[in-house]
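Undergrad: In the working numbering, the protein residues as written are -4 to 393.
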Ligand code: HSE
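(1) Between residue 156 and the ligand HSE, is there a pair consisting of the residue's CB and a ligand heavy atom that are separated by less than 8 Å?
(2) Can you give the beta carbon distance from residue 211 to residue 360, rounded, assuming they're within the 8 Å contact cut?
(3) Does the distance from the CB of residue 290 to the CB of residue 177 come in under 9 Å?
(4) Are residue 116 and residue 69 closer than 9 Å when you measure CB to CB?
(5) Pairing CB atoms from the region 278 to 290 with CB atoms from the region 100 to 118, are three or more of them under 8 Å?
(6) Thinking just about the alpha-carbon of each residue, which of 155, 328, 202, 53 is nearest to the one in residue 175?
(7) State the Cα-Cα distance for the pair residue 392 and residue 181, rounded to the nearest angstrom.
(8) Take residue 40 and list the residues in its own chain whose beta-carbon comes closer than 6 Å to its own, dropping the five residues that flank it on each side.
(9) Does the Cβ of residue 305 lie closer than 8 Å to at least one heavy atom of the ligand HSE?
(10) Measure the alpha-carbon distance for residue 19 versus residue 308 and round it to whole angstroms.
(11) Give the list of continuous beta strand (DSSP E) stretches no shorter than 3 residues that lie fully inside the region 134 to 213.
(12) Go through the region 48 to 77 residue by residue and report every complete run of the alpha helix (DSSP H) that reaches 4 residues or more, in order.
(13) Please return the same chain residues whose Cβ sits closer than 7 Å to the Cβ of residue 194, not counting the five positions on each side in sequence.
(14) Which residue marks the beginning of the beta strand (DSSP E) containing residue 356, and which one marks its end?
(15) Output needed for residue 79: all residues of its chain with C-beta closer than 6 Å, excluding positions within five of it in sequence on either side, in chain order.
(16) Residue 260 to residue 161, Cα distance in whole Å?
(17) With a cut-off of 8 Å on the beta carbons, I'd call residue 244 and residue 204 a contact; round off their distance for me.
(18) Quick one: Cα of residue 273 to Cα of residue 322, how far?
(19) At what residues does the beta strand (DSSP E) containing residue 369 begin and finish?
(20) Where does residue 313 fall in DSSP's three states?
(21) Ordered along the chain, which non-local residues of its own chain (more than five positions away) have a Cβ less than 7 Å from that of residue 133?
(22) Three-state secondary structure (DSSP) at residue 92?
Laid out in structure tokens, this is it:
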């Protein structure tokens, strides 16, 4: 029988605990033996619940038990997760985590520690929740030069933008609705300001580039500045607004950005609505590959975590994924990036705006406004134009 431990009995940790019991037979078939949760680490008590029997508040119970070969980390945050995960890897135990903050900030170090001790540090659940994404990149798309990823990587913001579009409500009302449904935290900043998506993008781009991509170096704009008028204008022009995480790898240089984008109807990401996530990957041989599913939630995320656990149980004494180099990735210089833009201006300013913007077309909007769709242009050129004239709003176009 395989013995595993779970650190943190929150939403995901309890999901892992329940999945191991519920899917006992399927896990046995894939792992080759029964999988048992020997310990759950949490400082809280859960009287009357099955978890109470295996509960401990001392991490050393797990670290010092030679029977435990795989540890699940579902505590979230950096501290004390980093210390506990480091301890587990150093003790020769593989670790599976759903903690994107930990992977984005400390993944390079933890992957090196796993290599050093011939164990694995896996984190499928940290990006796209239940969607199998990292393993396909690491194991299936290995014959391709992966050139770009474009993803809806945050369910909360996709839900907010969907509700703004469907119900015509403004950002504050859509956020309140997301909070009432339990999608958004009481402090929603990590989601609505794009930090969650940028961490996930950094993890993907670290894998694709083979170099550490620092999440903090990724230019990030969230959705709190998107107004009901922006959504209506986008609709008028035939687009939907999505918060996208975009990464490209060209000549060894990484381009990465998290920002609201206007997505045309023919793009496969356009119909992705509500809390769902989706990622489009482009390889030089395979062309476009798309992944879609639940990017959050107890059961879906637990599914990805336990998938990693099974992989680790099947590969004892082996580092399944060696990881990326600690040497930071080179970024495309800011301002050299190119993009098309949708610029809202007052109707009386259109002529002037078209002198300083490479306009492709103009769309008449409500309230005596116009939307100017530009050619693909340098980000720096847009900034120069914005210094010459006040635009109502500017949104990138995919
Ligand atoms: N807050 C995240 C989201 C959860 O809304 O997608 C999964 O990382």
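Just so it is clear, CB atoms sit at the ideal spot from N, CA and C, and this is done for glycine as well.
TA: Let's see:
(1) Answer for residue 156: no, Cβ out of range of the ligand HSE.
(2) Between residue 360 and residue 211 the Cβ distance is about 36 Å, and since that is not below 8 Å, they are no contact.
(3) Contact: no.
(4) By the CB criterion at 9 Å, residue 116 and residue 69 fall outside the cutoff.
(5) Touching, no.
(6) The shortest Cα separation from residue 175 among 155, 328, 202, 53 belongs to 155.
(7) Distance from the CA of residue 392 to the CA of residue 181, rounded to the nearest whole angstrom, comes to 31 Å.
(8) Contacts found: none.
(9) Flag unset: Cβ of residue 305 not near the ligand HSE.
(10) The C-alpha of residue 308 is placed about 14 Å away from the C-alpha of residue 19.
(11) DSSP runs (the beta strand (DSSP E)) wholly in the region 134 to 213: 141 to 147.
(12) Annotation: the region 48 to 77 contains the following complete segments of the alpha helix (DSSP H) (minimum length 4 residues), in chain order: 54 to 58.
(13) These residues qualify, in order along the chain: 95, 96, 99, 210.
(14) That run of the beta strand (DSSP E) goes 354 to 360.
(15) For residue 79, same chain residues with a beta-carbon under 6 Å away, outside a window of 5 residues either side, are 2, 54 in chain order.
(16) Residue 260 and residue 161: Cα-Cα distance of roughly 16 Å.
(17) Indeed they touch by this definition, with Cβ atoms about 5 Å apart.
(18) Rounded to the nearest angstrom, the gap between the Cα atoms of residue 273 and residue 322 is 29 Å.
(19) For residue 369, the enclosing beta strand (DSSP E) starts and ends at 364 to 369.
(20) DSSP places residue 313 in coil when its eight states are reduced to three.
(21) The residues are 202, 316.
(22) Under the three-state reduction of DSSP output, residue 92 falls in the strand class.
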